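Engineer: Mind having a look at this structure? Questions to follow.
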Amino acid sequence: MINAILTDIEDTTTSIAFVFDVLFPYARDHMARFVAEHGGEAVVRTELRAVAEELGHSLDDDEVVEVLKRWIAEDRKATPLKNLQGMLWQRGYQQGDFTGHVHEDAVRNLRQWHAAGLRLYVYSSGSVQAQKTAVRLQRCR
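When we follow our numbering, the leftmost residue of the sequence shown carries the number 131, and every step to the right adds one.
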């Protein structure tokens, strides 16, 4: 008996092209400004320090931004990058810089499974914040 459904976001509920053509470039293009404006906030500073720790030496903010941009280009699955991307994307959605989507058939199936009492889960390399934002603030297509 099936008790739960495990799904992904990229190319399952949302087009993978949206991730690579919209979300990744947005994070790359806005990272420096985001760090300059929010680098003093504890949650952001924690992620910036984590980048330096992952590399094993101290970095100034400009160097961290360059590392993050390189990781974006490499589609690196680094936790501090994913967390910062999630913060950036949430702002982008809220400010109307872009609008994402969820495939209509995915919405239909998720609703049907939920109504049937199945537990719904998402597995993704993105941050939890990014996943929640993607589902909450996207429109159906």
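For glycine and all other residues, C-beta sits at the position ideal for the given N, C-alpha and C. Keep in mind that this is a model prediction, so the values were computed, not measured.
Mapping DSSP to helix, strand and coil, what is Arg249?
Structural biologist: strand
Engineer: Which value, in whole angstroms, describes the spacing of the CA atoms of Arg274 and Gly256?
Structural biologist: Lying before the first or after the last residue shown, residue 274 is absent from the chain, which here runs from 131 to 271.
Engineer: What is the rounded straight-line gap between the Cα of Ala172 and the Cα of Gln259?
Structural biologist: If you draw a straight line from the Cα of Ala172 to the Cα of Gln259, it is about 16 Å long.
Engineer: Where do the ends of the beta strand (DSSP E) carrying Leu136 lie?
Structural biologist: Boundaries of the beta strand (DSSP E) harbouring Leu136: Ala134 to Thr137, taken from the DSSP string.
Engineer: Who are the near neighbours of Ala134 in its chain, counting only those whose CB is closer than 8 Å to its CB and skipping five residues on each side?
Structural biologist: Leu248, Arg249, Leu250 and Tyr251
Engineer: According to DSSP, is Glu140 helix, strand or coil?
Structural biologist: strand
Engineer: To the nearest angstrom, report how far apart Ser254 and Glu140 are at their CA atoms.
Structural biologist: 8 Å
Engineer: Would the region 210-226 and the region 153-173 be scored as touching if the rule is three or more Cβ pairs under 8 Å?
Structural biologist: yes
Engineer: Please classify Met131: is it buried, with 16 or more other beta-carbons within 10 angstroms of its beta-carbon, or exposed?
Structural biologist: exposed
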